[in-house]
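Reviewing the structure listed below.
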Amino acid sequence: MKTEIPTSRTNALAERLSALSRERFYDVYQQFEWPERLDPDSFSMSPEITTLSDTPVWSALTDEQKWRLTITETATLFSNTLNGEKVLVAGLASQLYAKAATPEITDYLHHFLDEENKHMIMFGVFCRKYVGRVYPDKRLAMPAKYAPGEELLRFYTLAMVVEAYGDYFNMRVMNDDRCNPLVRAISRVHHVDEARHIAFDKAYLAELAAEHMPGWDDATRANFQTWLAGFMKANWLTFYNPAAYHDAGIENPYEVQKIAMAAPGQKALREKVTASVANFFLQTGLVAELPEV
Ligand SMILES: [Fe+2]
Ligand SMILES: [Fe+2]
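Numbering (this note's numbering), first residue to last: 83 to 375.
Here it is, written out as C-alpha cells:
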C-alpha cells in the first residue's frame, strides 16, 4: 500500500531555502573575532543550562570552576555538534545528484553541506583555541541493512535530533547578555542556519515517512521506533561529559556525571528541550510514544 504524498512540498521548500542561503551567504573566516583569552567576567553558557545546574554538585563549585565549566560545556556542545556534522556532511555528499534527490533537493543539499562545513570550522576553532581539543565522538554505528527508505529516515531523524537539541542551547546563549560576545555570535550564526536545516528535515522526513513506512512490516517499524527513541535518550548522555568536568577542575568526573544525569532538574530540562522534536516524531509515526529522556 502506498500513501499519497505531497512530493512538491519539499521541492518548493528546498527552492526557498536555497534562495535564503544564497542571500545570507557568509565567509566563516571573516565572521568572528577570536580573543586570545575568553573574558573572565562573562560566561560561555548560561549557567542554568549547564549539566550541573540544579544538581547537588553546583553549590560546591568555586566561581572559577563555574566559569570554566561554561567554557568546557560549550566545547562539549560544539564538539558533539561537530562530530554529528562530520557524519551529516558525508551523508549529504553521497545524496547529491542521487536518484532519490530531485534537482531542487540537490541544489539545497549543496547549501546544507556548505553550511555544516562552516559550522565545523567555527566549532573546531573554538574548541582547539579555548579547550585545547575537540572532544571525541561517542555515538553508535548504523546497521548495514535497511528497509526501503530506512537509511534516509535514520539519517535525517538523527540529524534533526542533534540539530534540535543544540538549537535550544544556541538560542539560550545568543539571547543571554551574561555570555561573552564570541559565543553569542557563534550561537546566532548557527541558529540562523539551523532554522533552515530543521525546516528541511521536517518537510523531507514527513514526505519520506508517508512514502515508505506504510510498506514496512510491523517488526521493521517497531525496530525503527525503538532505535529512534533510544537515540534520543543516548544523545543526551553526550552532554554529560566527564572530560569537560575534568577540564573545569572538577574532581571525580564519572561520579559527577551520574549525579547530574539523575538530578530531577536536569531531567526536566531534557524533557523541555526534547518536547518539540519528540512531538513531531510522534505525529509522523517515527516514534510510537513520547520517548523517555
Ligand atoms: Fe550545524
Ligand atoms: Fe544543521
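Cβ atoms here follow ideal geometry from the backbone N, Cα and C, with glycine treated the same way.
Query - Other residues of its chain near ASN317: CB distance less than 6 Å, five sequence neighbours each side excluded - result: So the list reads VAL243, once near-sequence residues are dropped.
**Report entry** Residues of its chain near LEU178, where Cβ-Cβ distance is below 6 Å and the 5 sequence neighbours each way are ignored
**Finding:** Correct list, in chain order: THR188, LEU191.
Query raised in the report: Out of curiosity, what's the CA-to-CA distance linking TYR327 and THR154?
Result: So the alpha carbons of these two residues sit roughly 7 Å apart.
Query raised in the report: Sorry if obvious, but does the Cβ on HIS279 come closer than 6 Å to a heavy atom of ligand 2?
Result: Yes, ligand 2 has a heavy atom inside 6 Å of this Cβ.
Requested in this report: For the alpha helix (DSSP H) containing MET107, list its first residue and its last residue.
Outcome: The question names Met, yet the displayed sequence has Phe at residue 107. Neither: PHE107 is in no alpha helix (DSSP H) and is coded neither H nor E.
Query raised in the report: How do the region 128-145 and the region 251-261 stand: do at least 3 beta-carbon pairs fall below 8 Å, yes or no?
Result: Enough Cβ pairs lie closer than 8 Å, so yes.
Query - LEU95 - DSSP class collapsed to helix/strand/coil - result: DSSP, reduced to helix, strand and coil, places LEU95 within a helical segment of the structure shown.
Query raised in the report: With distances taken between CB atoms, is the gap from THR152 to PHE205 smaller than 7 Å?
Result: Going by C-beta atoms, THR152 is not nearer than 7 Å to PHE205.
Query raised in the report: So which residues touch the region around ligand 1, with touch meaning a C-beta under 7 Å from any heavy atom?
Result: Residues with a Cβ closer than 7 Å to any heavy atom of ligand 1, in chain order: THR163, GLU167, GLU197, GLU198, HIS201, GLU245, HIS272, ASP275, GLU276, HIS279.
Query raised in the report: In the structure shown, what three-state DSSP assignment does PHE282 receive?
Result: PHE282 falls in the helix class under three-state DSSP.
Query raised in the report: DSSP on PHE251, reduced to helix/strand/coil?
Result: Three-state result, PHE251: helix.
Query raised in the report: Expressed to the nearest angstrom, what Euclidean distance is found between the alpha-carbon atoms of TRP309 and LEU368?
Result: Each residue's alpha carbon lies about 10 Å from the other.
**Report entry** Cβ shell of ILE87 (< 8 Å), same chain only, five flanking positions each side left out
**Finding:** Since pLDDT at ILE87 reaches only 49, below the 50 mark, its modelled position is unreliable, and the value read off the structure follows with that caveat. The beta carbon of ILE87 sits closer than 8 Å to the beta carbons of GLU289, ALA292, GLU293 from its chain, once the five residues preceding and following it are set aside; these are given in chain order.
Query raised in the report: Measuring CA to CA, which of VAL271, ASN262, VAL355 is closest to MET202?
Result: Ranking VAL271, ASN262, VAL355 by Cα distance to MET202 puts VAL271 first.
Query - Sheet register partners of PHE125 (DSSP bridge) - result: Residue pairing from DSSP places PHE125 in a beta bridge opposite CYS261.
**Report entry** Alpha carbon of LEU120 to alpha carbon of TYR212, nearest angstrom
**Finding:** Taking C-alpha positions only, LEU120 is separated from TYR212 by approximately 8 Å.
Query raised in the report: In or out: TYR322 buried (at least 16 other Cβ within 10 Å) or exposed?
Result: Taking all protein chains in view, the Cβ of TYR322 is crowded by 16 or more other Cβ atoms within 10 Å, so the residue is classified as buried.
Query raised in the report: Taking C-alpha atoms, which residue in ALA267, ALA360, ALA142 lies nearest to LEU240?
Result: Here the closest residue by C-alpha is ALA360.
**Report entry** Spatially closest choice to ASN262 from ALA311, ARG150, LEU170, LYS315, by CA coordinates
**Finding:** Nearest C-alpha to ASN262: ARG150.
Query raised in the report: What is the C-beta distance between ASN305 and GLU186, in whole angstroms, given that I count them as a contact (C-beta under 8 Å)?
Result: Rounded, the Cβ-Cβ distance is 32 Å, inconsistent with contact.
Query raised in the report: Does any residue of chain B bring its CB to less than 7 Å from the CB of THR308?
Result: No chain B is present in this structure, which holds just one protein chain.
Query raised in the report: Is it true that the CB of THR302 sits closer than 7 Å to the CB of ALA229?
Result: It is a contact, given that the beta carbons lie within the stated cut-off.
**Report entry** Bounding residues of the alpha helix (DSSP H) (the contiguous stretch that carries PHE205)
**Finding:** Secondary structure note for PHE205: its alpha helix (DSSP H) is the uninterrupted segment 185-212.
Query - Cβ shell of LEU372 (< 7 Å), same chain only, five flanking positions each side left out - result: Non-local C-beta neighbours of LEU372 in its own chain, meaning closer than 7 Å and more than five positions away in sequence, comprise ALA360, LEU364, ordered along the chain.
Report task. Keeping to the same chain, check which residues put their C-beta closer than 6 Å to that of ALA246; ignore five residues upstream and five downstream. Result -> Hits under 6 Å: VAL359.
Query raised in the report: Is the distance from the Cβ of GLN307 to the Cβ of ALA370 below 7 Å?
Result: Cβ atoms of GLN307 and ALA370: closer than 7 Å.
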